[in-house]
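Here is the structure we will look at.
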Amino acid sequence: MNNPLSWATALGILLCLIWFMRLLPVVYQDGKLDQKAVRVMRKSSLLPLAIMVASLALAGFGLANSEQTIRFIPWAMLLITLVGSIWVVERGIREIRKYRAS
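Here numbering that gives the first Met the number 0 is used: the first residue of the sequence shown is 0, the next is one more, and so on.
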């Protein structure tokens, strides 16, 4: 763990776990998994996941075409994955709360 990328990855995993812990009380009601909430979460996650995958592909192929930008590929992948994961979970939480409010 002498590499800054390793520390950034560990921090990113910690942030994703924090957002996942925020999701658990929303998905579980009275200690039981709410299947309707899971379906709402899956449906709302399709757009952010598609954007994240397209961004990862574009960043990977785009940065790999130049020797000067190859060293930025791991950082770009880390940042895109972190932001995309948090976006997916946060959007799911909002959609589940909106579904329950209606």
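Cβ atoms here follow ideal geometry from the backbone N, Cα and C, with glycine treated the same way.
Can you tell me which of Ile95, Trp86, Pro3, Arg96 puts its alpha carbon nearest to the alpha carbon of leucine 108?
In this structure the chain extends from 0 to 101, so residue 108 is not present and cannot be described.
Counting Cβ pairs closer than 8 Å, one from the region 9-27 and one from the region 50-68, do we hit at least three?
Segments in contact, no.
Nearest CA to the CA of phenylalanine 60: which residue from Lys31, Pro47, Met76?
Of the candidates Lys31, Pro47, Met76, the one whose C-alpha sits nearest the C-alpha of phenylalanine 60 is Met76.
With DSSP as the reference, label glutamine 34 as helix, strand or coil.
Glutamine 34 falls in the helix class under three-state DSSP.
Rounded to a whole number of angstroms, what is the C-alpha to C-alpha distance between threonine 68 and tryptophan 6?
Looking at the two C-alpha atoms, the distance is approximately 21 Å.
Just confirm the distance between the C-beta atoms of methionine 40 and isoleucine 79, as a whole number of angstroms; I'd bet it's less than 8 Å.
That pair is no contact at about 21 Å.
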